[in-house]
Structures are given as structure tokens and as C-alpha cells.
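Residue numbering for the sequence shown follows the numbering used here, beginning at 9 and increasing consecutively. Every residue gets a Cβ at the ideal spot worked out from N, C-alpha and C, and that includes glycine. Keep in mind it's a predicted model, so treat the numbers as computed, not measured. What follows is one structure encoded as C-alpha cells, with my remarks underneath.
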Amino acid sequence: MSLSDLQPIPGDQLIFRLPQTFATAEEERRHRQERLVAALRLFGRFGFEEGVAGHITVRDPEHTDHFWVNPFGMSFRHVTIADLILVNHEGQVVEGRYHVNQAAFAIHSMVHQARPDVVAAAHSHSVYGKALSSLGTLLEPLTQDACAFYEDIALFDDYTGVVLETEEGRRIAQALGSGKAVILRNHGLLTVGTSVDAAAWWFITLERSCQAQLLAKAAGPTVPISHENAKLTHGQIGNDTVGWINFQPLYDQITAAEPDLFG
Numbered sequence: 009m010s011l012s013d014l015q016p017i018p019g020d021q022l023i024f025r026l027p028q029t030f031a032t033a034e035e036e037r038r039h040r041q042e043r044l045v046a047a048l049r050l051f052g053r054f055g056f057e058e059g060v061a062g063h064i065t066v067r068d069p070e071h072t073d074h075f076w077v078n079p080f081g082m083s084f085r086h087v088t089i090a091d092l093i094l095v096n097h098e099g100q101v102v103e104g105r106y107h108v109n110q111a112a113f114a115i116h117s118m119v120h121q122a123r124p125d126v127v128a129a130a131h132s133h134s135v136y137g138k139a140l141s142s143l144g145t146l147l148e149p150l151t152q153d154a155c156a157f158y159e160d161i162a163l164f165d166d167y168t169g170v171v172l173e174t175e176e177g178r179r180i181a182q183a184l185g186s187g188k189a190v191i192l193r194n195h196g197l198l199t200v201g202t203s204v205d206a207a208a209w210w211f212i213t214l215e216r217s218c219q220a221q222l223l224a225k226a227a228g229p230t231v232p233i234s235h236e237n238a239k240l241t242h243g244q245i246g247n248d249t250v251g252w253i254n255f256q257p258l259y260d261q262i263t264a265a266e267p268d269l270f271g
């Protein structure tokens, strides 16, 4: 075949992955569990752990006031599907063998309650998120990636110790509002999404955007993206479908490298 004979392949014949739909709650539950464990393993690889701090939750597709979460005291890098626990709206473990991190329940239960659209939420004490949070400032539109959060991120401008009470979680949920992320002052980052994939990707790219902002401001005066262009870019890359798509290469990497995560 000569190059002159080559014809464009129709777009509908090319591979382009989009979020799946499911016939049963059981199928969707298993899918969400697989994505949750993959996200946890990735957080471990990226160094987002700080002892027992940090958690990712996903709403159960059938019992929507319950969520699956990583067990208290287990490394992100070791969690398998068999280790996940299911927690009810009162913070009680109804499935699994481990305790729930009380901070995970206090924060995430209130976020899931306040936001019926939120399927998953991610929180951890990552280094650059903690560093930026200590400044009591928002993420600025300094890079294209940061624009995914433009006018879509909040600051919880308070710190009163480890979050163990649902009232504090309720205040965090109020600060989050309808956005996809909130910076918890002197604490860390929290992101949400309509899938585990989106929530995890928003956390990963938010952490990297915090790092970029800190590095840029340490180097000298910065040049922010204009309001008009930041808003335009947010419309292009800031929705959960784009977040889901961005997570897929990472999902492929972790499942190929660590096939035991579904054990």
C-alpha cells in the first residue's frame, strides 16, 4: 500500500474510552471498589501518605447513605478490595474487618450528605497541599492545569485540631459548596467528583498545581492567566468527564504494575 492510498479512519472507529454504565448495582459496586483501590495505590506511590492520615471514599451505588473507604491504619500501598470497609451514616462499619478512621467519617459523611452528586471524595496530607494550605490562600490561575479549579475551589479558613466531630465536617462541606475542591487551612486538600476517577485525578493535579504555584512564587513575580482565559480553560478541562479521562492512564499503569490490588 502506498501512502497515496491511505484514507482517514472514521472517528467512530477509533478507541476513545468514556465512563461506563452498569446493568446492576453489584457490577457498579465492584467497579467502584476497583477504582477506589487503584486510586489508593496511586496515592501511596505518589507519597500522599502521612502515617494513618488520608482517605478516599466512594458512595455505595445501592445503599447511597453508605460509603466504602480504606481501613484505618493500613498503608495505601497495601490495600486490596478485600480490605475495604463499608461505613453507614452513623459511622459504623457494616462490612469489613477493620476500624474506620474517625476523621474520614466526620469529614466525608458530611460531604456525601451535603452533595448528593458527589460519588467520591479524596483527602490526604500531601506535602505541597499542606504547604499551600499553611499560607491561607487559594490556588491561583498560574498554569493551564490550575485553571481546572478556577472559581471551582474554596478555602476552609479555620483550624481547630484533628477533625473528629461531624459538626466540623459539616462546616467543611459548607465551605466546599458546589465546587470540586477545598483547601483546608493548615491541614491539606479535599477533592470530590462524580466518580472515583475524577475525585482522585482532581486531587493529583491539584497537588501538582500547588507545587507549581509554590515553586513559581519562590522564583519571582508570577504572571497569572487572565480571568477570561482562565474561565475559558476551566470550561475546557474542568469537568468530571475530563477528570475521568485523565485518570485512565494512571489506572492502566497501577493495575498492570500491581495486579494484586484486586485480591
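Using CA atoms only, rank isn't needed, just tell me which of the options is closest to residue i.
i	options	result
F211	D13, D165, A129	A129
S117	D166, V170, E175	E175
E58	I191, A189, H195, E70	H195
W209	W252, L172, T145	W252
D260	Y106, A46, S141	A46
D166	T145, T249, H63	T145
G271	D91, F164, P257, R53	D91
H39	H63, I17, D205, Y158	D205
S142	L184, R193, T32	R193
Q244	M82, Y158, I262	Y158
H242	A183, Q152, Q256	Q152
T213	E35, F30, Q15, I161	I161
Rounded to whole angstroms, what is the Cα-Cα separation between residue i and residue j?
i	j	result
L150	G228	13 Å
I89	A207	18 Å
R67	I93	12 Å
R178	H120	10 Å
Y136	T65	22 Å
R43	A156	22 Å
N6	D73	Residue 6 is absent from the structure shown; the chain starts at 9 and stops at 271.
A189	D268	31 Å
L147	K138	12 Å
N109	F80	5 Å
R105	H235	49 Å
N254	G246	11 Å
P27	L240	24 Å
A265	F51	14 Å
R37	G19	32 Å
V170	G62	12 Å
H131	G185	16 Å
D248	M82	29 Å
L223	I233	17 Å
D125	V60	28 Å
H107	Q41	18 Å
Can you round the beta-carbon distance between residue i and residue j to whole angstroms, since I take them to be within the 8 Å contact cut?
i	j	result
V77	A112	5 Å
R49	R25	No, R49 and R25 are not in contact; Cβ-Cβ is about 20 Å, not under 8 Å.
S217	A154	4 Å
I191	L163	5 Å
V127	S203	6 Å
Among residues of its own chain, excluding the 5 on either side of residue i, which ones have a beta-carbon nearer than 6 Å to its beta-carbon?
i	result
V102	L94, N96
S134	F56, E215
S70	First, the residue type needs correcting, since residue 70 is Glu and not Ser in the sequence shown. If we look at E70 and ignore the five residues flanking it on each side, its Cβ neighbours are A33.
May I ask you to list the residues that DSSP assigns as paired with residue i?
i	result
S132	L197
F164	L192
T65	V77, A129
V101	V95
E58	A61
Identify, in the order they occur along the chain, each residue of the same chain with its Cβ nearer than 8 Å to the Cβ of residue i, setting aside the five sequence neighbours on each side.
i	result
L172	Q110, A111, A114
For chain D, find out if any of its Cβ atoms is closer than 8 Å to the Cβ of residue i; answer yes or no.
i	result
G177	Chain labels in this structure do not include chain D; a single protein chain is all it has.
For residue i, which residues of its own chain have a beta-carbon under 7 Å away from its beta-carbon, when the five flanking residues on both sides are left out?
i	result
L22	none
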